[in-house]
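Data first, discussion second: the structure below is written as structure tokens.
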Amino acid sequence: MRKPDKIRRKPFPAKIKAVALALALFLCGTGQAQQIPTGTWRAHRSYNNAKHVALTPDKVFCATANGMFWLDKPTSEIFPLGKEQGLSGAGITALNYLTASSTLCVVYRNGNVDLIRDGKITNSPAIADSEIADGKETLGVFGHEKELWVLGEFGVAKMDSETGVVNESYLKLGPQGVETSVFAGAILGEKVYLATSHGVIEALRSGNLQDFRSWTPVNGLPDNIRHIAKENDKLFFAGENSIWLFSNNALAPLTLPATPLRSITSGEKTIVCAGNGAWTLGENGFQTILKGENDAPSQAFADNSGKYWLADERKGLVSDFEGEFRTYTLSGLADDQPARIFDLASGTVSLPQKIDGQASVGFSLFENGLWTNLNPLENANIENVSLAQNISDIAINQNDEIALASNTHGLVIFDKNNKTFRQVNAGLPSENGVTNVHAVSETGLDGTLWAIAGDNQAKLYSKKAYENWTAFTGSIGNLAGAKSIVTAPNEQRWIYFPNGNGIIVVDNENKFRFLGRSENHGALPSANINDLVFDRSGFAWVATNSGVAYITNVWGTTNNEAINATRPVNESLYLFENKKVHCLAVDGGDRKWFGTDEGLWLFDKYGEELIKQFTSDNSFLPSNKVLDLSIDHSSGEVFVLTDAGLVSYRSDATAGNSSQPEKIKVFPNPVRPNYSGLVTISDLVTDARVKITDASGRLVYETRANGGTCVWNTRDYTGRAVKTGIYLILVTNDDGSETAAGKVAVIR
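In mature numbering (1 follows the signal peptide of the UniProt record, and there is no 0), the protein residues as written are -33 to -1, 1 to 715.
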């Protein structure tokens, strides 16, 4: 006889991680509207694409495609819940609340399980670390008393919801003991029912459930059953296009009100989510909860007061909790995986991906700690918002205007103040009513806007204020592969190409220059240019497929002077030699940030001294593959786009002031005993010298600002924590012509 399969665990720490959920609120005001402290992270997710919902006596938890949040029913406040607050990660496949153990179970695709109980998050890696889970995903979950049955491509793992220990596993339950995926399950009386890839099977609970011979098919059902729900002494079996009632050992087909079916759940009521609606299923058949063109409920439950809570794939969490149905969600992105991000004067701009060749719609603005999604679904009342479609590039221009390069609507201007969109296409090429603009530059000092437009032969165009577009007359070839146009401090336009065409520099006198790998004509490490940024010295920094470099002689590029890039050296090697650098950014302290396949890197102004490296292991980066960067220079927040989503980190560098304001900003002030973070001193003259003394004038700490900000860890120059007292902050520039002073109270 074949021995029953058991989960064989790989070595993992004996202790189980527990995180106090109360601490989660540290970064989590409703909607996350406040700034985060220096040196901390926050995630930027879409909370619209809701997949799962679970109800506890006083809370509602909602899982989206890449995140999670919860609502406090007594106050209606909403809080994010993610890796930053103690969860194991993203990729949630199921939620289940077990009343018997008062435990919310969060199941991840990789088999990890988080157990939330009494304000703490406990992680159980037993399934994820087992051999059976290698390359196999979880598919569902159901609960019975204090048992959590985790279902997946591997079979079934039965977990104790209080300890996180897997007591039994049921594997290879298919015919003749072959592997079978398990999608759903339920316990009715003395039997267990499972929906598998080989059909629905049943077994006596008292039998040897680890032996496939204990399981028998439930005849009369199709093989594509993926959902099971229990209501009292009945079961419902459902597939994408069918549903069956199982009562008194008899099956009866029912007619779905819509297809495809997304879920069937039981609780206070049995609810079916299908098509564009949700229905209760009872003695009187299907009764509509809600149904509409823009509705896409994926899962729903009723609470003990008869109110409905729905996870909607377009709207997030929807409920009639306070009367009419409305959306309860956090401020978030429209799309979980942006395509690109851009600097904003105070925030960032995010572009959505094109998925499966479909048009991308709208864009998102992050300002004052909140996201605004400019698209027809969320802001249909904004004039001409439908013009914001298929955007490939963005430039922030004068008068709070944003220039959008659209592949279908041409050059579109969004006026932030008046919340209007308008096309500016006179003079640009058009074919069958479609104007394709690939890239756009910010306006120069003279107000001239530059863009690349056209289909088969894309050309460079310029437009002065109140004039039409005119084509550049130089023979610079087809520019369709350009990623963006960057305006240099000397008003040149630098056009760069990730496809191997290097850089084209164009000046206001219609002179141009190609820069690539050749000596005296760039000497770049690669002609595949992924990003280009000018630093405070006016140097052009480039991120390539073979490392980074910078060009100092920017002014000489269109005067036929020899141009040879400088390659930073770190630890006796060229920086990122032969490695792809996806992106770079320059912060207010002139320091350089780089995004690679190995994480996020911060170097000094010359790219030679490593200051910090962030990875998914030592930070809240969701992935080590960093694709794009943008910086809010007013707050120092660095936005980091990875292939697993967008996060941000508040750095200790901001744009400095040309002169020193009379008052400086100090936060927090006072520094209370339970605070262990950094004191941030900001609103400083650029690269100010900062001295901190005690009340007697004794020097405690001295540093130099990164642009307009510096930080203090409340320790003296020997590393000892300072005592309770008032500390003076003295600020000056290098020649002493700009000065200011402030105070900070430290309480131990």
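Cβ coordinates follow ideal geometry from the N, Cα and C atoms, glycine included.
Predicted model, so just to flag it, every value in this text is computed and none were measured.
Check, Outcome
"In whole angstroms, what separates the C-alpha of LYS236 from that of PRO189?", "25 Å"
"Considering Cα atoms alone, identify which of GLY566, SER181, ILE598 is closest to TYR160.", "SER181"
"In chain order, what residues of the same chain lie with their CB nearer than 8 Å to the CB of ILE578, ignoring the 5 residues before and after it?", "ARG558, LEU569, PHE570, ASP571"
"May I ask you to report which of helix, strand or coil DSSP gives ARG639?", "coil"
"Roughly how many angstroms separate the alpha carbons of ILE362 and LEU82, rounded to a whole number?", "The identity of residue 362 in the sequence shown is Ala, whereas the question assumes Ile. For ALA362 and LEU82, the distance between alpha carbons rounds to 45 Å."
"Comparing C-alpha positions only, which one of SER618, THR609, THR681, ASP702 sits nearest to VAL652?", "ASP702"
"Do the stretch 463 to 475 and the stretch 491 to 509 meet, that is, are 3 or more Cβ pairs less than 8 Å apart?", "yes"
"Taking the DSSP output, what are the residues bridged to PHE634?", "THR647"
"For my contact list, ALA707 and VAL713 are in at a C-beta cut-off of 8 Å; report their separation, rounded to the angstrom.", "That belief does not hold up - the Cβ atoms of ALA707 and VAL713 are roughly 20 Å apart, past 8 Å."
"For ASN271, which residues in the same chain have their Cβ closer than 8 Å to its Cβ, ignoring the five residues on either side in sequence?", "GLU235"
"For LEU(-11), which residues of its own chain have a beta-carbon under 8 Å away from its beta-carbon, when the five flanking residues on both sides are left out?", "Here LEU(-11) scores only 37 on pLDDT, less than 50, and its place in the model should not be relied on; the value that follows carries that caveat. Taken in chain order, the residues that qualify are GLN52, GLY53."
"Between the alpha carbons of TYR684 and ASN585, how many angstroms are there, rounded?", "27 Å"
"How many angstroms separate the CA atom of VAL667 from the CA atom of PRO628?", "24 Å"
"LEU446 by DSSP, collapsed to three states: which one?", "coil"
"Which residues in the same chain have their Cβ closer than 6 Å to the Cβ of CYS(-6), if we skip the five residues on either side of it in sequence?", "Because CYS(-6) sits at a pLDDT of 40, beneath the cut-off of 50, its placement in the model cannot be relied upon, and the point is left open."
"Whole angstroms is fine: what's the gap from ALA370's alpha carbon to VAL407's?", "7 Å"
"Look at the Cβ atom of HIS165, then the Cβ atom of GLY144, and state whether they are nearer than 8 Å.", "no"
"Any chance you could list the beta strand (DSSP E) runs of at least 3 consecutive residues sitting entirely within the stretch 131 to 158, in chain order?", "133 to 138, 149 to 155"
"Rounded to whole angstroms, what is the Cα-Cα separation between LEU171 and SER136?", "16 Å"
"Would ASP595 pass as a contact of GLY562 if the rule is Cβ separation under 8 Å?", "yes"
"Helix, strand or coil for GLY110 per DSSP?", "strand"
"Go through its chain and collect everything with a Cβ distance to LEU248's Cβ below 6 Å, but skip five positions before and after it.", "THR237, VAL239"
"Check ALA100 in the structure and name its three-state DSSP category.", "helix"
"Let me know the alpha helix (DSSP H) ranges lying completely inside the stretch 244 to 313, each 4 residues or longer, listed in chain order.", "none"
"Write down the C-beta distance between TYR14 and PHE36 rounded to the nearest angstrom, noting that I regard them as a contact closer than 8 Å.", "6 Å"
"Quick one: which unbroken beta strand (DSSP E) runs of 3-plus residues sit fully inside the stretch 37 to 91? Chain order, please.", "44 to 47, 59 to 65, 70 to 75, 80 to 84, 87 to 91"
"For GLY574, I'd like the list of residues in its chain whose CB is within less than 6 Å of its CB, leaving aside the five on either flank, ordered along the chain.", "PRO535, LEU542, LYS559"
"Excluding five sequence neighbours on each side, which residues of the same chain lie with their C-beta closer than 8 Å to the C-beta of LEU412?", "GLU458"
"Would you call the CB atoms of SER373 and VAL352 closer than 8 Å?", "no"
"Per DSSP, what kind of secondary structure is ARG180 in: helix, strand or coil?", "helix"
"What whole-angstrom Cβ distance do THR681 and VAL657 have, given they're in contact under 8 Å?", "Incorrect: roughly 14 Å between the Cβ atoms, too far for contact."
"Leaving out five residues on either side along the sequence, give the residues of the same chain with a beta carbon under 8 Å from the beta carbon of GLN(-2).", "Note on GLN(-2): pLDDT 49, under 50, position unreliable in the model; the coordinate value appears next. The answer, listed in chain order, is ARG9, PRO47, LEU297, SER298, GLY336, LEU337."
"For GLY523, which three-state DSSP category applies?", "helix"
"Can you name the residues that DSSP bridges to PRO220?", "TRP211"
"Once the 5 residues before and after residue 720 are set aside, which same chain residues still bring their CB inside 6 Å of it?", "Lying outside -33 to 715, the shown extent of the chain, residue 720 is not represented and no answer is given."
"Hey, could you find the ends of the beta strand (DSSP E) THR670 is sitting in?", "666 to 671"
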